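Peer 1:
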Amino acid sequence: MVTTYEEALNWVHSRLRLGIKPGLKRMEWMMEKLGNPEKEIKAIHIAGTNGKGSTVCYLRNMLEEAGYCVGTFTSPYFEIFNERISVNGKPINNDELLDLVNLIIPLSDELAQTDLGAPSEFEVITAMAFYYFANHKQIDYVIFETGLGGRLDSTNIVTPLVSVITNIGYDHMSFLGDTLEEIAAEKAGIIKPNIPVMSSVEQPDAKKVIDGRAKELLSSIFLLEQDFFITNHEPRETGEQFSLRTPFQMYQDLEITMKGAHQVKNAALATMTITYLKQQNLLSITDEAVRAGLKKAKWIGRFEQVSTNPTIILDGAHNPEGVASLVETVKTHLTGKKIHVIFAGLKDKKLDHMIEQLSEIADSMTFTSFDFPRVASARELYDTCQFELKTFEENWKKAINHTINQLNNDEVLLITGSLYFLSGVRPYILEKGLES
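Residue 8 is where the sequence shown starts when you use the numbering used here, and the numbers rise one by one after that.
#1: Measure the alpha-carbon distance for K439 versus I87 and round it to whole angstroms.
#2: Rounded to whole angstroms, how far is the Cβ of P254 from the Cβ of S226, which I believe are closer than 8 angstroms?
#3: Going straight from the alpha carbon of T293 to that of G42, what length do you get?
#4: DSSP beta-bridge partners for Y258?
#5: Leaving aside the five residues before and after I422 along the sequence, list all residues of the same chain whose C-beta is less than 6 angstroms from its C-beta, in chain order.
#6: Would you decide whether N100 is buried or exposed? Buried here means 16 or more other CB atoms lie within 10 Å of its CB.
#7: In its own chain, which residues sit with a C-beta less than 7 angstroms from the C-beta of L276, not counting the 5 before and 5 after it?
#8: Can you give me the C-alpha to C-alpha distance between S21 and P126, rounded to a whole angstrom?
#9: Nearest to T238 by alpha carbon, out of I263, D218, V271 and I228?
#10: Pull up the distance between the alpha-carbon of V216 and that of H143, whole angstroms please.
#11: Roughly how many whole angstroms lie between the Cα atoms of A274 and I51?
#12: Are the beta-carbon atoms of G154 and S82 separated by less than 8 angstroms?
#13: Terminal residues of the continuous alpha helix (DSSP H) containing T318?
#14: As a quick exercise: from L70, P44 and G60, pick the residue whose alpha carbon is nearest that of L290.
#15: Suppose contacts are defined by Cβ-Cβ distances below 8 angstroms. Is P327 in contact with K357 by that definition?
#16: Beta strand (DSSP E) containing G78: first to last residue?
#17: Count the other CB atoms within 10 Å of the CB of E72; is the residue buried (16 or more) or exposed (fewer)?
#18: Quick check on G343: buried or exposed, where buried means 16 or more other Cβ atoms within 10 Å of its Cβ?
#19: For E45, I'd like the list of residues in its chain whose CB is within less than 6 angstroms of its CB, leaving aside the five on either flank, ordered along the chain.
#20: Quick check on R386: does DSSP put it in helix, strand or coil?
#21: Under 8 angstroms, do L411 and T391 count as touching if we go by C-beta distance?
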């Protein structure tokens, strides 16, 4: 038993030494011991390479606008660990987390003595989330985001109202496979028999895999630009405006404040999901709530402007697909601006490809590093880059301060790369008290 929040957090993080342990047997064992809380939840289950967090955010805000109480399980956390288990966007409190850890510790110890072995950090957190949401009397719906892949992800013990698959790209290839088809097959592993599927997957090979899996399991499937369609998309100074045609109704001139064409796709996917659930009488929501929820949705660290004087933007583009979306958004919304990029990333990503893409929009590039097990050094990133106006600084705070001091009024500092990096950068920038 642990007695403080700090001890609880240390115990959870101590599970990291066990690494990633794909598979559902340990989760099933813990769920049975806890009375199968996963069966008591009305869930929406989301997998994908990019866009999961934003799609969760759009869904949550629309449901909240309709008057529902919404739980979310997401990863990784951005500012505080408790974010991973939240209700209506608010993380559970420290006492609740402490209680959950004390509930799971004896189960973890017992499980460690079996042939299945001890549960990983993610399995422990997922078990805590299922128990918490099932025993929270006011929660109407829970949105579960997979941590890694789908088929063998700890969240995949749930049978949801609907399965949602966002865009797919090359990430976590050591676990998910080397081709888009293999990665798509892992993501499609969340599809359950006769449970509908919504997807914004774009690549034909990946789309074919997901569509085929849905048909095998007799699950109806709705694909972006095949069954529901974005029309009249216009970038605006405050975000994006678009219309959406679904099989059930047409939405004219929807607005979102998160910028980028990729965010329009995420919003369209979320809206299609809500519209389907409404059509099936699984929830009640007005068009006004849909519009208000989309407009209200904000996801920190996604093309987020954290300062206006100087202009500083944070974006968690942590893989090639994420960087491609970031580059497109910069070209659309920051035309004519000088862009100074600060980048830090993890060694297991396609760093050369990411850096090459960022070079398209950068007037200068600074590479840095941070304290994390798989992080690339600033010098490694610098040596990878072919761009001429480049520098490196291992201390990320020094890199940021130096760049800020060099900025002119019409220039932009774009800080991007690993979400773990940005989770430290964001509070540091906000604490500096710059104009926002």
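Cβ atoms here follow ideal geometry from the backbone N, Cα and C, with glycine treated the same way. Here the structure is a predicted model, which is why all the values come from computation and not from measurement.
Peer 2: So, to answer that:
#1: 19 angstroms
#2: Rounded, the Cβ-Cβ distance is 16 angstroms, inconsistent with contact.
#3: Answer to the nearest angstrom: the Cα atoms are 36 angstroms apart.
#4: For Y258, the beta-bridge partners assigned by DSSP are L251.
#5: L321, I349 and V432
#6: exposed
#7: Counting only Cβ-Cβ distances below 7 angstroms, and skipping sequence neighbours, we find T62, V171, T173, M205, S207 and L231.
#8: 11 angstroms
#9: V271
#10: 37 angstroms
#11: 15 angstroms
#12: yes
#13: Not the alpha helix (DSSP H): T318 falls in the beta strand (DSSP E), residues T318 to D322.
#14: L70
#15: yes
#16: V77 to F80
#17: buried
#18: Residue environment analysis places G343 among the exposed positions, since fewer than 16 neighbouring C-beta atoms fall within 10 angstroms of its C-beta.
#19: Residues of the same chain with a CB within less than 6 angstroms of the CB of E45, apart from the 5 flanking positions on each side, are M38, F137, I164 and V165 in chain order.
#20: helix
#21: Checking the displayed sequence, the identity of residue 411 turns out to be Ile instead of Leu. No, the pair does not count as a contact, with Cβ atoms beyond the cut-off.
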